[in-house]
Amino acid sequence: MTEGDEVAVLGVRVRLGAGATMDDVRALKTWLERDEPLEDLVSRRHLRIDAKPGTDGPPGRLGPDLDLVLEILGDVVTVAALTEYTARAVKTWTNNRRRLQGGDPEPQIRPLDSDGE
């Protein structure tokens, strides 16, 4: 690879729907950081979880315009495995939130494009 070559960003993006709040985004981020096996990947610095501005939401979208981006930092996990881990953790978090607060934040999980979007 030469200078100026772009490196593909691998990972997944989690977007909460219109019924979500900023507290939901923060709570889900904390949940993901503490969920096995994501916690292990984060602690060994093989995964970074950041809240980033949403880039492809519909105009006039209600709710927070932040997505959680789980970016793979090493060759220790595949995007498919990360998507599976994330989907399982998000489903558990959503079920707990629904039971405690009601409503459904309608999470969407998708792999990042090669440019990290």
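Just so you know, we're using this note's numbering here: the sequence shown kicks off at 1 and counts up by one. Virtual Cβ for every residue (Gly too), placed ideally from N, Cα, C.
Inset, instruction - Would you identify the three-state DSSP class for R13, choosing helix, strand or coil? - result: Here residue 13 corresponds to residue number 13 of the sequence shown, with the count starting at 1. Residue state, collapsed to three classes: strand.
Inset, instruction - Starting from the Cα of G11, find the closest Cα among D104, T92, A80, P105 and give me that residue. - result: As a first step, residue 11 is located in the sequence shown; it is residue number 11 there, counting from the start. Nearest option by C-alpha distance: A80.
Inset, instruction - Please report the residue range of the alpha helix (DSSP H) in which D24 lies. - result: Numbered from 1 along the sequence shown, position 24 holds the residue referred to as residue 24. Note, D24: alpha helix (DSSP H), 22-34.
Legend entry - Environment of R13 [buried if 16+ CB atoms lie within 10 Å]: By 1-based counting over the sequence shown, the position of residue 13 is 13. It is buried - the Cβ of R13 has at least 16 other Cβ atoms within 10 Å.
Legend entry - Residue interval of the alpha helix (DSSP H) (run including R97): To locate residue 97, count along the sequence shown from 1; it is residue 97. Taken as a continuous stretch (DSSP letters only), the alpha helix (DSSP H) holding R97 covers 79-101.
Legend entry - Proximity below 8 Å, CB of W93 to CB of L41: Taking the first residue of the sequence shown as position 1, residue 93 is located at position 93. Taking the first residue of the sequence shown as position 1, residue 41 is located at position 41. Not closer than 8 Å, so no.
Inset, instruction - Sort D104, L100, L112, T86 by Cα distance to W31 and report the nearest one. - result: One-based indexing of the sequence shown puts residue 31 at position 31. The shortest Cα separation from W31 among D104, L100, L112, T86 belongs to T86.
Inset, instruction - Note down the Cα distance separating R88 from E36, rounded to an integer number of angstroms. - result: As a first step, residue 88 must be located in the sequence shown, where it is residue number 88. As a first step, residue 36 must be located in the sequence shown, where it is residue number 36. Those two C-alpha atoms are separated by around 10 Å.
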